[in-house]
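Participant:
There are 2 protein chains.
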Amino acid sequence: MIVRQAANVLEIMEFFAQVKKPATLAEIADHFGWPRSSTFNLLATLSEKGYLYEPRPRAGFYPTPRWLAMARMISEVEPLPQWTHTLIADLSAETGETASIVAPAGVMAVFIDVVESQAAIRYFATIGHRVPIHATASGRALLLQYSQEERDSVYRKIEFKQYGPSTPISIEAVETELRNSIARGYCQSFADYSRDLAGAAIPLPIGDRRLSVVVAGPEFRIGPKVAEVAALIARTVDRLRPKAAA
Amino acid sequence: MIVRQAANVLEIMEFFAQVKKPATLAEIADHFGWPRSSTFNLLATLSEKGYLYEPRPRAGFYPTPRWLAMARMISEVEPLPQWTHTLIADLSAETGETASIVAPAGVMAVFIDVVESQAAIRYFATIGHRVPIHATASGRALLLQYSQEERDSVYRKIEFKQYGPSTPISIEAVETELRNSIARGYCQSFADYSRDLAGAAIPLPIGDRRLSVVVAGPEFRIGPKVAEVAALIARTVDRLRPKAAA
DNA sequence: CATATAAATTCACATATATGTACGTTTATC
DNA sequence: GATAAACGTACATATATGTGAATTTATATG
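Quick mapping for you: the protein sequence lines, in order, are chains A and B.
Sequential numbering from 1 applies to the first sequence in my numbering.
Sequential numbering from 247 applies to the second sequence in my numbering.
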């Protein structure tokens, strides 16, 4: 079950992150198609808790810097080491595609850092973006770091769907693909989940955290050179990862 | 009316900002006294939207960097000029008290930047903290920047309460205090709202934004030297504010 | 300045939603 | 390795909550 008003809070914030200017009650209500009275209650709640204010009279609401203060406190705990951002920045620059750091979230994989391609046709992903862990290169690079039991426990919760022609639709199919990935030295995906999208990924354990790096883009650009891209990822990790730490 | 689940989202985030480590469903449910089933729905919603993930298996949930990404996008719009932070940092250092930048939010005033005193006994305020606009030094420094009509419109919405012995409990009382503030050259408050708390504030218009600076602390420390403190605020603003801009 | 139009609030009620209860799964204990 | 305790998940139901309509307040227009 989805908690509607919880989702609405996030949508309002995303709205402000997008329009980047104050908005009145009416504007927000119209934008989402919400009743004004409901919008009023939501805005009042956010204001009362100190997350919204009125920068200038009658010009509407805008989030207070409290969001930033809170997000900073949250993120200063085990932040990703600096070199991982350099890693995906370099990868994106060299390949011209979108590169990301990915972490597990149950049966899904979450993008926790992203550097987007500059190409007109590109993989559009943002921090927080989620994809099925079993049907993506990045996800499988995470699964490779699990024990057999942990994987089994994840499998039990997966709803196998045929997202595309090559989606693995059984536990055995996923396990086979994992074995192939080990043999091959990297994980790959050709439209297993998203149409026309291909990617190469490798595991990226940091401390006791299980992460992965992925480079992804349109099938026609990435397809012919997955192996190259995968090798580049491996080399770049080798170059940037501090030698001392595991 | 307060939208409970909207408030709960904020409380969860504040919880993480405080404990700074992953928490399991059970821990969160117990902490807030929420039923597990409800907590489950909330966490599922936040996860589904990409705001929560599971850093390591079975070690619970933690917010994704998406919060930070969003907060950054929101805050890069008309951020406070750098010098205002220097301003309150200097004021706090020189006075040993808490200094803040404050903005209006209806009948309330919101703290949008804070540098806290280091003293053991101090005014504890955080970004997002809200106080009544008419019953605080910082709030009245905002009201001074309003036209008479704008003030009247605010007055109509105020519920006058006797927060402390000196709280102004009528429109006339507030207007009188404003006139006194103009004559005096700064706004002050002696436990008008919070017990034992005194403060000095002056208006701080920036562009078309109506802000104020306030220095506040325990009555026994601030009380004897409000005038000094107010003068210091004025001098420091003069020193730091760029001459070009109004 | 009066009137019209739009926006913000309030409130009572029907309905969408939070939760008690029960079940399956995982982890801890002996 | 067996048993117990804790944890996570699903669902039906009573109730807390969102909302449509009415009221008040603010802004635009003739």
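We treat Cβ as the ideally placed atom computed from N, Cα and C, and that holds for glycine.
Since the structure is predicted, the reported quantities are computational estimates derived from the model, not experimental observations.
Check the C-beta distance from residue 343 (chain B) over to residue 368 (chain B) and give it rounded, since I have them as a contact under 8 angstroms.
Facilitator: Between residue 368 (chain B) and residue 343 (chain B) the Cβ distance is about 7 angstroms, and since that is below 8 angstroms, they are a contact.
Participant: Kindly list the residues whose CB is nearer than 7 angstroms to the CB of residue 240 (chain A), restricted to its own chain and excluding five residues on each side of it in sequence; keep chain order.
Facilitator: Cβ neighbours of residue 240 (chain A) beyond the five flanking positions: 83, 86 and 87.
Participant: Between the alpha carbons of residue 454 (chain B) and residue 324 (chain B), how many angstroms are there, rounded?
Facilitator: Taking the straight line joining both Cα atoms gives about 11 angstroms.
Participant: Output the residue ranges of the alpha helix (DSSP H) runs that lie fully inside the region 118-174 of chain A and measure 4 residues or longer, sorted by chain position.
Facilitator: Segments of the alpha helix (DSSP H) lying fully in the region 118-174 of chain A: 137-143 and 148-157.
Participant: Quick check on the burial criterion: 16 or more other C-beta atoms within 10 angstroms. Buried or exposed for residue 291 (chain B)?
Facilitator: Classification for residue 291 (chain B): buried.
Participant: Measuring CB to CB, does residue 194 (chain A) end up less than 8 angstroms from residue 201 (chain A)?
Facilitator: No. Outside cutoff.
Participant: So, helix, strand or coil for residue 239 (chain A), using DSSP?
Facilitator: Residue 239 (chain A): helix per DSSP, three-state reduction.
Participant: For chain A, is any of its Cβ atoms less than 8 angstroms away from the one on residue 330 (chain B)?
Facilitator: Answer no: the Cβ-Cβ gap between residue 330 (chain B) and chain A never drops below 8 angstroms.
Participant: Three Cβ pairs or more, each shorter than 8 angstroms: is that satisfied between the region 406-418 of chain B and the region 359-377 of chain B?
Facilitator: No contact exists between the region 406-418 of chain B and the region 359-377 of chain B.
Participant: Quick one: using the 10 Å Cβ neighbour count with 16 as the cut-off for buried, is residue 300 (chain B) buried or exposed?
Facilitator: Result: buried.
Participant: Among residues of its own chain, excluding the 5 on either side of residue 162 (chain A), which ones have a beta-carbon nearer than 7 angstroms to its beta-carbon?
Facilitator: Closer than 7 angstroms at Cβ, skipping near neighbours: 169.
Participant: Any C-beta of chain B sitting closer than 8 angstroms to the C-beta of residue 194 (chain A)?
Facilitator: Chain B, which has no Cβ nearer than 8 angstroms to the Cβ of residue 194 (chain A), makes this no.
Participant: By Cβ distance, which residues of its chain are closer than 7 angstroms to residue 40 (chain A), with the 5 residues on each side in sequence left out?
Facilitator: Within the same chain, residue 40 (chain A) has close Cβ partners 25.
Participant: Could you check which residue in B:427, B:473, B:489 and B:426 has the C-alpha nearest to that of residue 452 (chain B)?
Facilitator: Out of B:427, B:473, B:489 and B:426, B:489 has the C-alpha closest to the C-alpha of residue 452 (chain B).
Participant: Restricting to runs no shorter than 4 residues, where is the alpha helix (DSSP H) found entirely within the region 253-341 of chain B?
Facilitator: Counting whole runs of 4 or more residues, the region 253-341 of chain B contains the alpha helix (DSSP H) stretches 271-278, 282-294, 312-321 and 328-341.
Participant: Could you check whether residue 437 (chain B) and residue 470 (chain B) sit closer than 8 angstroms to each other, using their CB atoms as the reference points?
Facilitator: No, the Cβ-Cβ distance between residue 470 (chain B) and residue 437 (chain B) is not below 8 angstroms.
Participant: Does the beta carbon of residue 68 (chain A) sit closer than 8 angstroms to a beta carbon anywhere in chain B?
Facilitator: Yes, residue 68 (chain A) counts as interfacial toward chain B.
Participant: For residue 299 (chain B), decide whether its Cβ has a neighbour in chain A, counting only Cβ atoms nearer than 8 angstroms.
Facilitator: Yes, residue 299 (chain B) lies at the interface with chain A (some Cβ there is under 8 angstroms from its Cβ).
Participant: So that I know if they touch, is there some Cβ in chain B lying closer than 8 angstroms to that of residue 112 (chain A)?
Facilitator: Interface residue, yes.
Participant: Hey, would you say residue 6 (chain A) sits closer than 8 angstroms to residue 251 (chain B), going by beta carbons?
Facilitator: Yes, the pair counts as a contact, with Cβ atoms nearer than the cut-off.
Participant: Quick check on residue 144 (chain A) - is its C-beta less than 8 angstroms from some C-beta in chain B?
Facilitator: So no, residue 144 (chain A) is outside the interface.
Participant: With 16 as the cutoff for other CB atoms within 10 Å, does residue 449 (chain B) come out buried or exposed?
Facilitator: Buried, since its Cβ has 16 or more Cβ neighbours within 10 Å.
Participant: For residue 198 (chain A) versus residue 177 (chain A), is the C-beta distance shorter than 8 angstroms?
Facilitator: The answer is no: Cβ separation not under 8 angstroms.
Participant: So who's on the other strand from residue 438 (chain B), going by DSSP bridges?
Facilitator: In DSSP, residue 438 (chain B) forms no bridge with anything.
Participant: Using a Cβ-Cβ cutoff of less than 7 angstroms, which residues in the same chain neighbour residue 22 (chain A) once the five nearest sequence positions on both sides are dropped?
Facilitator: The residues are 55, 59, 60, 61 and 62.
Participant: Listed from N- to C-terminal order along the chain, which residues in the region 339-357 of chain B have their beta-carbon within a distance smaller than 7 angstroms of any beta-carbon of chain A?
Facilitator: Flagged, chain order: 349, 350, 351, 352 and 356.
Participant: For a contact defined as C-beta to C-beta under 7 angstroms, what are the partners of residue 45 (chain A) on chain B?
Facilitator: The answer, in chain order, is 248, 249, 252 and 253.
Participant: Use the C-beta contact count for residue 247 (chain B): other C-beta atoms within 10 angstroms, 16 or more gives buried, fewer gives exposed.
Facilitator: By the neighbour-count rule (16 or more Cβ atoms within 10 Å), residue 247 (chain B) is not buried but exposed.
Participant: Would DSSP call residue 248 (chain B) helix, strand or coil?
Facilitator: In the structure shown, residue 248 (chain B) sits in coil (DSSP, three-state: anything other than H, G, I, E or B).
Participant: Determine whether the Cβ of residue 309 (chain B) lies closer than 8 angstroms to any Cβ atom of chain A.
Facilitator: For residue 309 (chain B), the answer is yes, since a Cβ of chain A falls inside 8 angstroms of its Cβ.
Participant: Among A:138, A:142, A:140 and A:132, which has the Cα closest to the Cα of residue 157 (chain A)?
Facilitator: The shortest C-alpha separation from residue 157 (chain A) is found at A:132.
Participant: Against residue 71 (chain A), what residues of chain B qualify as contacts under a CB-to-CB distance less than 7 angstroms, listed in chain order?
Facilitator: By Cβ distance, chain B contributes 313, 314 and 317.
Participant: Of the choices B:433, B:380, B:428 and B:366, whose alpha-carbon is the least far from that of residue 413 (chain B)?
Facilitator: The shortest Cα separation from residue 413 (chain B) among B:433, B:380, B:428 and B:366 belongs to B:380.
Participant: Given that residue 403 (chain B) touches chain A, what residues does it touch there, using C-beta distances under 8 angstroms?
Facilitator: Within 8 angstroms Cβ-Cβ: nothing; residue 403 (chain B) doesn't reach chain A, min ~12 angstroms.
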